[in-house]
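Enquirer: One structure coming up, written as structure tokens, with questions to follow.
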Amino acid sequence: MKQKNTRDPKKMTSYFWYEAPILVVVTISGLIYNIGMVAGPYFQGQLVQGLYDLLNHKILANRLIQLSLLYMLVIALVQVCRAIKRFSVRIFANHTSRRMRRLLYNVLLHRQFGDDTGSLMTKAISDVDSCVEGMRKFTTEIFDTGVVMIAYLAMLLYYDVRLTILACMFTPLAM
């Protein structure tokens, strides 16, 4: 199996570009998962309102059952997308680690050996592990922090713009 060369192994962005297909899977599943995180509280509120309406005889029980089934379906989809995103990020990290190590080994094997070769290889492999872990965490945090916060902000703005603006203005004071 022949491997494509990384465009510029000295630039971290080339490793992201090289793994673009798996990062597309990460992006799609990450967007569904993190936007779907907003669906949980939304449906829980709808279920509480439905139960209140059922107890006051405003709706029939089958409407609440339908809402419950829809809630379970949405949460199942969100969790499946979460698993796909996590697995895809691990694949991305493993491929990147393998590629970086291969380049490192090729460089080290073609250099003249000295007394410091073992410690140099240990340090270089440790650096590769740290770099790949940083890339994996960066990729994960884009979704787990950025996308989910934007989704929650959009949901709050949808419910009440004035209250959301007030909450955003005074939240830093509470910290």
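In the numbering used here, the protein residues as written are -17 to 157.
The beta-carbon is built from N, C-alpha and C at its ideal position, and this holds for glycine as well.
Keep in mind that this is a model prediction, so the values were computed, not measured.
(1) What distance in whole Å lies between the Cβ atoms of residue 12 and residue 120, which are believed to be in contact at a cut-off of 8 Å?
(2) Between residue 38 and the rest of its own chain, which residues show a CB-CB distance below 8 Å, the 5 nearest in sequence each way excluded?
(3) In angstroms, rounded to a whole number, what distance separates the CA positions of residue -7 and residue 31?
(4) When you compare only the Cα positions, how much space is there between residue 104 and residue 77?
(5) Please confirm whether residue 131 and residue 24 have their CB atoms less than 8 Å apart.
(6) Indicate whether at least one CB of chain B lies closer than 8 Å to the CB of residue 38.
(7) Measure the beta-carbon distance from residue 70 to residue 8 and round it to whole angstroms, keeping in mind my assumption that it falls under 8 Å.
(8) With residue 21 and residue 56 assumed to form a contact (beta carbons below 8 Å), what rounded beta-carbon distance in angstroms separates them?
(9) May I ask which residues mark the beginning and end of the alpha helix (DSSP H) holding residue 10?
(10) Considering just the uninterrupted stretch of the alpha helix (DSSP H) at residue 107, what are its terminal residues?
(11) Where does residue 44 fall in DSSP's three states?
(12) Taking DSSP as the reference, what is the three-state secondary structure of residue 35?
Expert: Judging by the given coordinates:
(1) Here residue 120 is taken as the residue at index 138 of the sequence shown, counted from 1. Here residue 12 is taken as the residue at index 30 of the sequence shown, counted from 1. Rounded, the Cβ-Cβ distance is 13 Å, inconsistent with contact.
(2) Residue mapping note: residue 38 aligns to position 56 of the sequence shown, counting from 1. Nothing meets the Cβ criterion.
(3) The residue you call residue -7 lines up with position 11 of the sequence shown. The residue you call residue 31 lines up with position 49 of the sequence shown. Cα-Cα distance, rounded: 53 Å.
(4) As a working mapping, residue 104 is identified with position 122 in the sequence shown. As a working mapping, residue 77 is identified with position 95 in the sequence shown. Between residue 104 and residue 77, the C-alpha separation is close to 20 Å.
(5) Here the question's residue 131 lines up with position 149 in the sequence shown. Here the question's residue 24 lines up with position 42 in the sequence shown. For residue 131 and residue 24, no; Cβs fall outside 8 Å.
(6) Included in the structure is just one protein chain, with no chain B present.
(7) Within the sequence shown, numbered from 1, the residue matching residue 70 stands at position 88. Within the sequence shown, numbered from 1, the residue matching residue 8 stands at position 26. Rounded, the Cβ-Cβ distance is 5 Å, consistent with contact.
(8) Working through the sequence shown from its first residue, we reach residue 21 at position 39. Working through the sequence shown from its first residue, we reach residue 56 at position 74. Going by Cβ atoms, the distance from residue 21 to residue 56 rounds to 5 Å, so yes, they are a contact pair.
(9) The residue given as residue 10 occupies position 28 in the sequence shown. Taken as a continuous stretch (DSSP letters only), the alpha helix (DSSP H) holding residue 10 covers 2 to 18.
(10) The count along the sequence shown starts at 1 and reaches residue 107 at position 125. Taken as a continuous stretch (DSSP letters only), the alpha helix (DSSP H) holding residue 107 covers 99 to 123.
(11) Numbered from 1 along the sequence shown, position 62 holds the residue referred to as residue 44. Helix, per DSSP.
(12) Taking the first residue of the sequence shown as position 1, residue 35 is located at position 53. In the structure shown, residue 35 sits in a helix (DSSP, three-state: H, G or I).
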